[in-house]
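Residue numbers (this note's numbering), protein chains in the order written: chain D, 880 to 1156; chain F, 2 to 368.
Just below is one structure, and these are the notes that go with it.
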């Protein structure tokens, strides 16, 4: 005990202990249970379950739609955050409040609203469907719903960073002869890019796990509009617990790998910011 | 003339930040815009750069009216107080930025950046990012970046405000040498009169948006044209007096004022070096106690307390001090050799003057 390092901040033991307990109860134990259940299957059974064509189609839709939705949110979320931070206009506070709407609205309600809006006789659907844009009960519907639930993430992560940009940096670029476009491309965009990726990753993770709105808006047609979380529910309803956990485990592993890649990209894009020692 | 500012005013809403200002900067000159904060000096600098538009008046750079010329086309180098470096770029890329925009050839950019790295003592740092540099290094990168495209004028806003005192002193000397080497017209803003005196060829003094005086450090110190300048530059003892029978009096001090009517209130000022001290109590007319000696290197500042409680500041060299055998608590006699009348009415002091009523000791006193 004599060697115990002195730390001027008290309470490390208590806070760390609580953090571990908290993470264990909420995250680690459920995930461990998931894998334990999966391990009851033999490897060949597992492989057959998770690579059946219906499951493969579901993965493709889940991750493909989540990726597209997160990309859309990265672009338009950046635009929205830019507008909200850089300009003063009438109704700004209202729009700012609106951004949080997808956080608060039960996603089932969002799904119902979107499906009735884009259905053949819906407000938007009656104009879009004749143009060949099927916004309900199609993969596009899944993308729209996932874009909706992911909207706040990029906006809310980017806003504080945009607010902290120094005005003088842009002025400095101007005195050196750079126009607005050049300043944005060379200086602003690289500065905010890591944050956009953070928002992108959050929106993506949220989209992969989304269930409530999709079941209403997609139609849940196997091989067409069925997402992986929905397939898990179907397996559960068939009392096929091992099959359900196997698909869940695959979802989890792919998510972890993708989030790891995004994290690496974020670090790479922000390397000018890292602290040297 | 390199820069001419003619009848320039700037209003922010109802507030006049700059009031009908006129001055010009000669080619190759190193000039300071000096004044208390809120004096309008930074606004003037920003108007010359094109970062603000004048509400009235014209600005010329090398004879060309630049009011309607965009910032990008003015060919000025601007150094910001907080450096404003591009933190996503290395030192090399920061310096090369303006050259790339001007579409210099790659080899020319390389040569110019290397030349500037050498000139500013930044060799070996070209691959670092701004957050890996010290404050003084960042400042020099900012200056190198501004100088790279060979601007017709270099503008610096409080260039040494954000670094600590010792580095600030080095940077000042270094700026003077840099200016001698490059001979580029340089205009810098400072609120530090000592810095302005030490560095610049000429000083423009602002207060509350008005131009108070233009002149060399020596001129503004020895011949201030108004009370503001007299009190802002260097240290000054200031007394409020009332005239009786041709003598202006406050407590035991008297100054001849033969042309002033009785009851007139005047304000006079004198520099610390005008207060002459003797250890012989009978040599001069007034007596005082040496309350405290401030050691400032070769010069000493002395605080004298008169029997009435009035306090005056004096100064002398270490040698004089030793010769007179002075120490704190000694009784001395003194006289005031020179003084100037600062104001004749009982005008209240402007707020910013009250703030600098006891300015810090200054190297300018050595002039």
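Built from N, CA and C at the ideal position, the CB exists for glycine as well.
This structure is a prediction, so every number in the text was calculated from the model and none was measured.
Exercise for review: Would you please state the rounded distance, in angstroms, between the beta carbons of residue 997(D) and residue 1003(D)? I believe it to be under 8 angstroms.
Suggested key: Here the question's residue 997(D) lines up with position 118 in the first chain. Here the question's residue 1003(D) lines up with position 124 in the first chain. By a beta-carbon distance limit of 8 angstroms, residue 997(D) contacts residue 1003(D). Their separation comes to about 6 angstroms.
Review point. DSSP three-state call for residue 325(F): helix, strand or coil?
Key: Taking the first residue of the second chain as position 1, residue 325(F) is located at position 324. Residue 325(F) carries a coil assignment under DSSP once its states are collapsed to helix, strand and coil.
**Study point:** Between the CA atoms of residue 1138(D) and residue 896(D) - distance to the nearest angstrom
**Key:** Counting from 1 along the first chain, the entry for residue 896(D) is found at position 17. Counting from 1 along the first chain, the entry for residue 1138(D) is found at position 259. Cα-Cα distance, rounded: 27 angstroms.
Check your understanding: Can a CB atom of chain D be found closer than 8 angstroms to the CB of residue 189(F)?
Key -> The residue labelled residue 189(F) in the question sits at position 188 within the second chain. Not a single CB atom of chain D sits nearer than 8 angstroms to the CB of residue 189(F).
Practice item. Would you mind stating whether residue 176(F) and residue 148(F) have Cβ atoms separated by less than 8 angstroms? Key: Taking the second chain and counting its residues from 1, the one referred to as residue 176(F) is at position 175. Taking the second chain and counting its residues from 1, the one referred to as residue 148(F) is at position 147. One thing to note: residue 176(F) has its Cβ no nearer than 8 angstroms to the Cβ of residue 148(F).
Review point. Mind checking if residue 106(F) is an interface residue toward chain D, Cβ cutoff 8 angstroms exclusive?
Key: Start at 1 with the first residue of the second chain, and residue 106(F) comes out as number 105. Not closer than 8 angstroms to any Cβ of chain D, the Cβ of residue 106(F) fails to qualify, so no.
**Study point:** Cutoff 8 angstroms: residue 1(F) Cβ touching any chain D Cβ
**Key:** Since the first residue of chain F shown is 2 and the last is 368, residue 1(F) is not available in this structure.
Review point. Residue 10(F) and residue 65(F): beta carbons closer than 8 angstroms?
Key: Residue mapping note: residue 10(F) aligns to position 9 of the second chain, counting from 1. Residue mapping note: residue 65(F) aligns to position 64 of the second chain, counting from 1. Judged by beta-carbon spacing, residue 65(F) lies beyond the 8 angstroms limit of residue 10(F), meaning their Cβ atoms are not closer than that value.
Exercise for review: In angstroms with no decimal places, state the Cα-to-Cα distance between residue 1015(D) and residue 1110(D).
Suggested key: Residue 1015(D) sits at position 136 when you count from the first residue of the first chain. Residue 1110(D) sits at position 231 when you count from the first residue of the first chain. In this structure, the alpha-carbon of residue 1015(D) lies about 19 angstroms from that of residue 1110(D).
Review point. To which residues of the same chain is residue 1107(D) closer than 7 angstroms at the C-beta, ignoring the five residues directly before and after it?
Key: Numbered from 1 along the first chain, position 228 holds the residue referred to as residue 1107(D). Cβ neighbours of residue 1107(D) beyond the five flanking positions: 937, 938, 941, 1126, 1130.
Practice item. For residue 893(D), count neighbouring Cβ atoms within 10 angstroms of its own Cβ and tell me buried if that reaches 16, exposed if not. Key: Along the first chain, read from residue 1 onward, the residue named residue 893(D) stands at position 14. It counts as exposed.
Check your understanding: First and last residue of the beta strand (DSSP E) that includes residue 1021(D)?
Key -> Locating residue 1021(D) in the first chain gives position 142, where the first residue counts as 1. For residue 1021(D), there is no enclosing beta strand (DSSP E); the enclosing alpha helix (DSSP H) covers residues 1018-1042.
Check your understanding: In terms of alpha-carbon separation, which member of 93(F), 144(F), 317(F) lies closest to residue 126(F)?
Key -> Sequence index remark: in the second chain, residue 126(F) carries index 125 (1-based). For residue 126(F), the nearest C-alpha among the options comes from 93(F).
Review point. In chain D, which residues lie with their C-beta within 8 angstroms of the C-beta of residue 98(F)?
Key: As a working note, residue 98(F) is residue 97 in the second chain. Neighbours of residue 98(F) on chain D, chain order: 1052, 1055, 1057, 1065.
Practice item. From the DSSP output, in three-state form, read off residue 887(D) for me. Key: The sequence position of residue 887(D) within the first chain is 8, counting from 1. Coil at residue 887(D), not helix or strand.
Check your understanding: If we count Cβ pairs, one from each stretch, closer than 8 angstroms, do we get three or more for the region 1034-1042 of chain D versus the region 42-57 of chain F?
Key -> No, because fewer than three Cβ pairs between the region 1034-1042 of chain D and the region 42-57 of chain F fall closer than 8 angstroms, the two stretches do not touch.
Check your understanding: Of all the residues that make up the region 1114-1139 of chain D, which are near chain F by a beta-carbon distance shorter than 9 angstroms?
Key -> Within the region 1114-1139 of chain D, no residue qualifies.
Practice item. Look at the alpha carbon of residue 168(F) and the alpha carbon of residue 191(F), and state the distance between them as a whole number of angstroms. Key: Indexing the second chain from 1 puts residue 168(F) at position 167. Indexing the second chain from 1 puts residue 191(F) at position 190. Approximately 16 angstroms between the Cα atoms of the pair.
Check your understanding: Given that residue 1061(D) touches chain F, what residues does it touch there, using C-beta distances under 8 angstroms?
Key -> Your numbering for residue 1061(D) matches position 182 in the first chain. For residue 1061(D), the chain F residues whose C-beta falls within less than 8 angstroms of its own C-beta are 102, listed in chain order.
Check your understanding: Is there a Cβ from chain D that is less than 8 angstroms from the Cβ of residue 52(F)?
Key -> Counting from 1 along the second chain, the entry for residue 52(F) is found at position 51. It does; some Cβ of chain D falls within 8 angstroms.
Practice item. Apply the 10 Å Cβ neighbour rule to residue 966(D) and answer buried if 16 or more other Cβ atoms are within range, or exposed otherwise. Key: In the first chain, residue 966(D) corresponds to position 87, counting from 1. It is exposed - the Cβ of residue 966(D) has fewer than 16 other Cβ atoms within 10 Å.
Exercise for review: Starting from residue 7(F), trace the beta strand (DSSP E) both ways and give me its first and last residue.
Suggested key: Here residue 7(F) refers to the residue found at position 6 of the second chain. Unbroken beta strand (DSSP E) run through residue 7(F): 4-13.
Exercise for review: Could you list which residues in chain F have their beta carbon closer than 7 angstroms to that of residue 1069(D), in chain order?
Suggested key: The residue labelled residue 1069(D) in the question sits at position 190 within the first chain. Near residue 1069(D) (Cβ distances below 7 angstroms), the residues of chain F are 89.
Practice item. Please list, in chain order, all residues of the same chain as residue 1066(D) whose beta carbon is under 6 angstroms from its beta carbon, the five residues on each side excluded. Key: Numbered from its first residue, the first chain carries residue 1066(D) at position 187. The answer, listed in chain order, is 1052.
Exercise for review: Look at residue 1021(D) and residue 1097(D) and say whether their C-beta atoms are less than 8 angstroms apart.
Suggested key: Against the first chain, residue 1021(D) aligns to sequence position 142. Against the first chain, residue 1097(D) aligns to sequence position 218. Yes.
Practice item. Can you grab the Cα-Cα spacing for the pair residue 304(F) / residue 187(F), in whole Å? Key: As a working mapping, residue 304(F) is identified with position 303 in the second chain. As a working mapping, residue 187(F) is identified with position 186 in the second chain. Each residue's Cα considered, the two are about 39 angstroms apart.
Exercise for review: Using only alpha-carbon positions, find the residue among 215(F), 180(F), 19(F), 83(F) that is nearest to residue 46(F).
Suggested key: Counting from one through the second chain, the residue named residue 46(F) turns up at place 45. Measuring C-alpha to C-alpha distances from residue 46(F) to each of 215(F), 180(F), 19(F), 83(F) identifies 19(F) as the nearest.
Exercise for review: Check the Cβ of residue 150(F) against every Cβ in chain D and list those closer than 9 angstroms, keeping chain order.
Suggested key: Here residue 150(F) refers to the residue found at position 149 of the second chain. Within chain D, the residues whose beta carbon sits less than 9 angstroms from that of residue 150(F) are 1055, 1056, listed in sequence order.
Check your understanding: Beta-carbon of residue 1045(D) versus every beta-carbon of chain F: anything under 8 angstroms?
Key -> Here residue 1045(D) is taken as the residue at index 166 of the first chain, counted from 1. Yes, residue 1045(D) counts as interfacial toward chain F.
Check your understanding: Along the region 115-137 of chain F, what residues have a CB closer than 9 angstroms to any CB found in chain D?
Key -> Within the region 115-137 of chain F, the qualifying residues are 129, 130, 131, 132, 133.
**Study point:** Nearest neighbour of residue 212(F), chosen from 82(F), 201(F), 225(F), 74(F) [CA to CA]
**Key:** Stepping through the second chain from its first residue, residue 212(F) is reached at position 211. For the set 82(F), 201(F), 225(F), 74(F), the Cα lying nearest the Cα of residue 212(F) is the one of 225(F).
Review point. What does a CB cutoff of less than 7 angstroms around residue 347(F) pick up in its chain, not counting 5 residues either side in sequence?
Key: For the purposes of this step, residue 347(F) is taken as residue 346 along the second chain, with counting starting at 1. Confidence at residue 347(F) is low in this model, with a pLDDT of 47, below 50, so the placement of that residue should be treated as unreliable; the coordinate-derived value is given next. Answer for residue 347(F): 266, listed in chain order.
Check your understanding: Can you tell which of 233(F), 219(F), 257(F) has its C-alpha closest to the C-alpha of residue 243(F)?
Key -> Numbered from its first residue, the second chain carries residue 243(F) at position 242. Its Cα nearest to that of residue 243(F), the residue 257(F) stands out among 233(F), 219(F), 257(F).
Review point. According to the Cβ coordinates, are residue 273(F) and residue 315(F) closer than 8 angstroms?
Key: Here the question's residue 273(F) lines up with position 272 in the second chain. Here the question's residue 315(F) lines up with position 314 in the second chain. Cβ atoms of residue 273(F) and residue 315(F): closer than 8 angstroms.
Review point. Where does residue 892(D) fall in DSSP's three states?
Key: For this step, residue 892(D) is matched to residue 13 along the first chain. If DSSP states are grouped into helix, strand and coil, residue 892(D) belongs with the helices.
Review point. How long is the line joining the alpha carbons of residue 162(F) and residue 82(F), rounded to whole angstroms?
Key: Mapped onto the second chain, residue 162(F) falls at position 161. Mapped onto the second chain, residue 82(F) falls at position 81. Those two C-alpha atoms are separated by around 7 angstroms.
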